[in-house]
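Taking it in order: structure first as structure tokens, then the write-up.
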Amino acid sequence: MITLFRRLRQKFIGEGNTGRYILYAIGEILLVVTGILIALQVNNWNEERRERSTELLYLQSFKEDLDQNMAELDRVIEKTSRVAVYNDSLLTFLVSAESASLDQELFLRLLGESAGYTIFQSKEGTIQSIIGSGALEVIRDPFIRMKIAVWEGDLKNIRAWESDSKRSFDEYTGYLKMNLPRHLMLFDESVIDDNVLTKLQSDTFFLNTLMERSFISSSLNDLYKEKREELGMLSELVDREIQSLMD
């Protein structure tokens with residue numbers, strides 16, 4: 005094609021046919037422009053394929069992270085529910101217990117289980133990779149893109165309550181270390197004397213700590229359940245996007 009145009013150009017120049025040469029020149033320019041446009045379009049298609057391939061890999065990895073985070077939330081939901089129940093049970097036990105009829109095995113178990121503490125250990129590897137590499141715009145769905153961008157911010161409330169939970173845990177265990185005989189701190193089946201029971205029943209700080217721990221654990225439990233439901237819906241949306249990219 006190039007050889008043909010070169011011959012035509014030489015012919016028109018040789019004949020002194022200015023009109024035909026101008027038409028030839030315009031045609032040659034159009035041919036070059038068309039070639040450039042085709043090359044750009046092909047490049048755009050290739051870039052689009054690369055971006056969609058990258059998006060698919062990110063979404064598949066993000067889906068795996070979401071599934072693991074939901075499993076982790078199931079764990080902390082169960083744990084915080086149990087801690088709240090044990091703190092409530094210990095309060096009830098202290099209010100109603102009498103030394104003469106004290107169920108020492110139950111009492112020691114309640115003391116130990118009420119000290120439970122946990123946090124939501126979220127898996128964020130894919131999110132950090134997307135944001136760290138500046139690839140957020142590769143994710144086309146605006147809702148998924150937004151949830152990735154605000155992931156850390158969405159956890160701030162949970163992290164604040166977890167911080168309160170850690171503080172109350174430290175206060176509870178610190179109180180037991182300071183006020184219970186060492187053998188009771190092992191939560192074995194040692195005999196509990198009347199003085200220990202009376203002290204716990206009458207200590208406002210200890211009773212308030214139990215109530216606070218129950219409240220914090222229950223509040224965290226509600227927040228974890230909300231987050232679990234939210235991630236479940238997000239996981240379904242991500243899965244639909246994955247399927248559309250694979251079709």
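Heads up: the sequence shown begins at 5 in my numbering, then just goes up one per residue. Ideal Cβ positions, reconstructed from N, Cα and C, are used throughout, including at glycine.
{"query": "8 Å Cβ cutoff met for E156 and F124", "result": "no"}
{"query": "Reduced DSSP secondary structure (H/G/I, E/B, other) of I2", "result": "Look at the range of the chain in this structure, 5 to 251, and you will see that residue 2 is not part of it."}
{"query": "CB of N161 within 8 Å of CB of K127, strictly", "result": "no"}
{"query": "Candidates Y62, M250, S57, of which the one nearest I152 by Cα", "result": "Y62"}
{"query": "L70 vs S239 beta-carbon contact at 8 Å", "result": "yes"}
{"query": "Distance between D78 and A164 (C-alpha atoms, nearest Å)", "result": "20 Å"}
{"query": "Which of helix, strand or coil DSSP assigns to E120", "result": "It is Gly, not Glu, that sits at residue 120 in the sequence shown. It is coil, neither helix nor strand."}
{"query": "First through last residue of the alpha helix (DSSP H) which encompasses S126", "result": "Careful: S126 lies outside any alpha helix (DSSP H) and carries neither H nor E."}
{"query": "Candidates V87, M150, E55: closest to L241 by CA position", "result": "M150"}
{"query": "I81, DSSP secondary structure in three states", "result": "helix"}
{"query": "Length of the line joining the Cα atoms of N225 and S169", "result": "11 Å"}
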